[in-house]
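Asker: Start counting the sequence shown at 4; every next residue gets the next number (the numbering used here). What follows is a single structure, and I will ask about it in a moment.
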Amino acid sequence: MIVSLIGSVTLFFTLWLLWNIRQWPKVRTGVPGVFPRVSILVPARNEERGIVRCVESLAAQNYPDFEILVLDDRSEDRTPALLGGLARRHRQVRVLHGRKLPEGWVGKVHACHQLYEASSGSWLLFVDADTVHTPDMLRSVLHTAFTRETSFVTGFPRVLSAHAFGWLILPMLHFIIALHLPVRFVSRSRDDRFMAAHGAFMLFSREAYEKIGGHAAFKTEMVEDMALARAVKRAGFQADLLDITPVTSCEMYETPRDVVEGFTKNIFLGVGRSSAALFALLFLYGSLYVWPLLGAVFAFAGGNLYEGGFWTGIYLLGVLQKWTVDHRFGTKGPWHWFLPLSFAGLGYIALRSWYIGITKRGYSWKGRVYR
Numbered sequence: 004m005i006v007s008l009i010g011s012v013t014l015f016f017t018l019w020l021l022w023n024i025r026q027w028p029k030v031r032t033g034v035p036g037v038f039p040r041v042s043i044l045v046p047a048r049n050e051e052r053g054i055v056r057c058v059e060s061l062a063a064q065n066y067p068d069f070e071i072l073v074l075d076d077r078s079e080d081r082t083p084a085l086l087g088g089l090a091r092r093h094r095q096v097r098v099l100h101g102r103k104l105p106e107g108w109v110g111k112v113h114a115c116h117q118l119y120e121a122s123s124g125s126w127l128l129f130v131d132a133d134t135v136h137t138p139d140m141l142r143s144v145l146h147t148a149f150t151r152e153t154s155f156v157t158g159f160p161r162v163l164s165a166h167a168f169g170w171l172i173l174p175m176l177h178f179i180i181a182l183h184l185p186v187r188f189v190s191r192s193r194d195d196r197f198m199a200a201h202g203a204f205m206l207f208s209r210e211a212y213e214k215i216g217g218h219a220a221f222k223t224e225m226v227e228d229m230a231l232a233r234a235v236k237r238a239g240f241q242a243d244l245l246d247i248t249p250v251t252s253c254e255m256y257e258t259p260r261d262v263v264e265g266f267t268k269n270i271f272l273g274v275g276r277s278s279a280a281l282f283a284l285l286f287l288y289g290s291l292y293v294w295p296l297l298g299a300v301f302a303f304a305g306g307n308l309y310e311g312g313f314w315t316g317i318y319l320l321g322v323l324q325k326w327t328v329d330h331r332f333g334t335k336g337p338w339h340w341f342l343p344l345s346f347a348g349l350g351y352i353a354l355r356s357w358y359i360g361i362t363k364r365g366y367s368w369k370g371r372v373y374r
């Protein structure tokens with residue numbers, strides 16, 4: 004009975020995901036009919052590892068009218084010195100020095116607000132300092148935005164990682180979105196529940212950004228990307244979630260510990276601090292993607308080949324789902340075979356996020372603690 008139920012639900016999710024991922028619009032290669040001025044805005048705090056790659060890729064954009072503003076948010080490493088060198092080499096680059104973080108503000112939100120204040124473009128592109136972009140990124144994204152008549156574009160970059168734990172966890176962002184979000188409704192519905200966003204890449208028309216109050220309206224939000232994206236939809240502007248993996252990649256976290264800390268600060272907040280929602284999702288993922296492999300092992304060990312075969316088939320359906328998403332979004336390697344480990348790792352981080360949230364110990368990130 005249980006194996007049949009789990010198998011049926013997994014088959015449904017497989018068919019759903021195969022259809023849903025085809026609805027995910029790709030960034031279109033092309034040249035926009037007009038070239039409005041674009042301000043590329045990069046908040047940077049302790050980003051010595053990737054800031055040079057990021058800014059060099061932005062400075063190489065095949066686009067006629069843009070500025071690059073990078074805000075050093077009181078870094079404690081070599082970021083300020085590296086930014087000074089970049090500004091001397093590239094005329095488009097201007098370095099800002101962040102003000103002291105005011106009480107009640109989240110650090111990144113405050114940095115982005117300062118970048119907006121100094122910007123001059125009619126379009127604002129916020130990117131993280133650990134992203135890298137192809138030379139055609141800017142004009143392709145603008146071309147797509149104009150073609151689709153949208154005022155806000157966001158997307159999840161292609162995942163890069165220097166360690167196995169990163170490859171197990173980071174591509175799950177694409178997977179979970181493809182599993183749960185009806186992507187077709189992001190642009191076709193005004194309901195702000197049909198939205199996903201990634202703070203590493205957010206393009207706004209200045210009109211839309213200012214209409215929603217910008218980052219200043221969400222100064223206490225740890226998950227500010229979703230708050231901004233939903234506000235855009237509520238304000239009546241067209242919003243889009245694009246596949247930007249052909250033009251933007253991101254190595255988000257240097258170490259496994261960074262992965263844990265980064266996801267810890269987002270997961271419980273991402274479900275609205277709802278313990279019921281979090282544990283319901285953990286039960287669902289455990290049933291569909293962790294237990295089948297364990298069930299197969301126990302069944303075969305007990306000599307029940309028939310049941311073991313069923314559990315193996317369910318496990319392989321999950322592998323097919325993950326391979327489909329990985330293939331679409333440029334994740335190479337055998338990581339789809341380890342889907343149960345990916346969900347087990349996410350489960351651990353989710354429980355850690357929940358515990359810190361309910362005990363109000365505060366989420367730690369880049370030397371700051373947020374409660």
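C-beta: ideal position from N, C-alpha, C; glycine also.
1) Within 10 angstroms of the Cβ of Val-372, are there 16 or more other Cβ atoms? Answer buried if so, exposed if not.
2) Label Leu-18 either buried or exposed according to how many other C-beta atoms from any shown protein chain fall within 10 Å of its C-beta, with 16 as the threshold for buried.
3) Return the chain-ordered ranges of every beta strand (DSSP E) run that is complete within the region 115 to 184 and spans a minimum of 3 residues.
4) Taking all protein chains shown into account, do 16 or more other C-beta atoms lie within 10 angstroms of the C-beta of Phe-69, making it buried, or fewer, making it exposed?
5) With a threshold of 7 Å (Cβ to nearest heavy atom), would Ile-215 be considered close to the ligand FAD?
6) If you pair each beta-carbon of the region 280 to 298 with each one of the region 199 to 214, do three or more pairs fall below 8 Å?
7) Leaving aside the five residues before and after Glu-79 along the sequence, list all residues of the same chain whose C-beta is less than 8 Å from its C-beta, in chain order.
8) Taking 6 Å as the limit between beta carbons, can you name the residues of its chain near Arg-355, skipping five residues before and five after?
9) In this structure, what does DSSP give as the bridge partners for Leu-244?
10) Given this structure, state the Cα-to-Cα distance separating Arg-196 from Arg-233, to the nearest angstrom.
11) Between the region 103 to 120 and the region 21 to 35, are three or more C-beta pairs nearer than 8 Å?
12) Ignore the nearest five residues each way along the sequence and tell me which others in Ile-270's own chain have a CB closer than 7 Å to its CB.
13) Could you spell out where the beta strand (DSSP E) holding Thr-251 opens and where it closes?
14) From His-183 to Leu-320, what distance separates their C-alpha atoms?
15) Does the beta-carbon of Thr-7 have 16 or more other beta-carbons within 10 angstroms, so that it is buried, or is it exposed?
16) Using three-state DSSP, classify Ile-43 as helix, strand or coil.
17) I'd like to know whether the C-beta atoms of Asn-23 and Val-263 end up nearer to each other than 8 Å.
18) Below 7 Å CB to CB, which residues in the same chain sit around Gln-95 once its five sequence neighbours on both sides are set aside?
Answerer: Reading from the atomic positions:
1) Val-372 is exposed by the Cβ-count criterion.
2) Burial state of Leu-18 is exposed, judged by a 10 Å Cβ sphere holding fewer than 16 other Cβ atoms.
3) Within the region 115 to 184, the complete beta strand (DSSP E) runs of at least 3 residues are 126 to 130, 134 to 136 and 155 to 158.
4) A buried status is given to Phe-69, since no fewer than 16 other beta-carbon atoms sit within 10 Å of its beta-carbon.
5) For the ligand FAD, the structure offers nothing, since it holds no ligand at all.
6) No: the two stretches stay apart, fewer than three of their Cβ pairs being nearer than 8 Å.
7) Asn-49 and Gly-370, listed in sequence order.
8) Result list for Arg-355: Thr-267, in chain order.
9) DSSP output for Leu-244 lists Thr-157 as bridge partner(s).
10) Cα to Cα, Arg-196 sits roughly 7 Å from Arg-233.
11) A contact between stretches requires three or more CB pairs, one per stretch, nearer than 8 Å, and the region 103 to 120 fails this requirement with the region 21 to 35.
12) Same-chain partners within the cutoff: Ile-352, Ala-353 and Ser-356.
13) Going by DSSP, Thr-251 is part of the beta strand (DSSP E) stretching over 251 to 253.
14) When rounded, the separation of the alpha-carbon atoms in His-183 and Leu-320 is 17 Å.
15) The sequence given here places Ser at residue 7; Thr does not occur at that position. Ser-7 should be labelled exposed.
16) Three-state result, Ile-43: strand.
17) The answer is no: Cβ separation not under 8 Å.
18) Counting only Cβ-Cβ distances below 7 Å, and skipping sequence neighbours, we find Ala-62, Phe-69, Glu-70 and Ile-71.
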